[in-house]
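Just below is one structure, and these are the notes that go with it.
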Amino acid sequence: MHPTDRSGAVLETAANLAQLVGMAPPVFSRTRKQVIEAGWLEETERIGHIKYYRLDPKRMGENVVVPLRRAT
792 MHPTDRSGAV LETAANLAQL VGMAPPVFSR TRKQVIEAGW LEETERIGHI KYYRLDPKRM
852 GENVVVPLRR AT
């Protein structure tokens, strides 16, 4: 079972992401920084010294902001 963040998004470590896309970890590390800067990937949390990442929900077309309204 994969860990999830508060929104329920599945989190992955950089090492697992590198393996999934078939890249060496050092190459993925440099690429990951570019993907984060481009707004496609975001760091969500750290558990110990391990960072977890997810796709940016805005890039997936999800509306992550819930509009508020006054209760009458």
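So for the sequence shown, the working numbering puts the first residue at 792; every next one is plus one. For each residue, glycine too, the CB sits at the ideal point set by N, CA and C. Everything numeric in this text was worked out from a predicted model, so none of it was measured.
The alpha helix (DSSP H) that contains residue i, what's its start and end?
i      : result
LYS849 : It is not in any alpha helix (DSSP H) - LYS849 carries neither H nor E in the DSSP assignment.
Mind checking whether residue i and residue j have CB atoms under 8 angstroms apart?
i      : j      : result
ARG821 : ALA805 : no
LEU802 : TYR843 : yes
Please name the residue, chosen from the options, that lies closest to residue i on a Cα-to-Cα basis.
i      : options                        : result
LEU846 : GLY839, HIS840, ARG837, LEU832 : LEU832
VAL826 : ARG860, ALA809, LEU859         : ALA809
Alpha helix (DSSP H) segments (min. 4 residues) lying fully within the segment 801-835:
If we require 4 residues or more, the alpha helix (DSSP H) runs fully inside the segment 801-835 come out as 805-812, 816-828.
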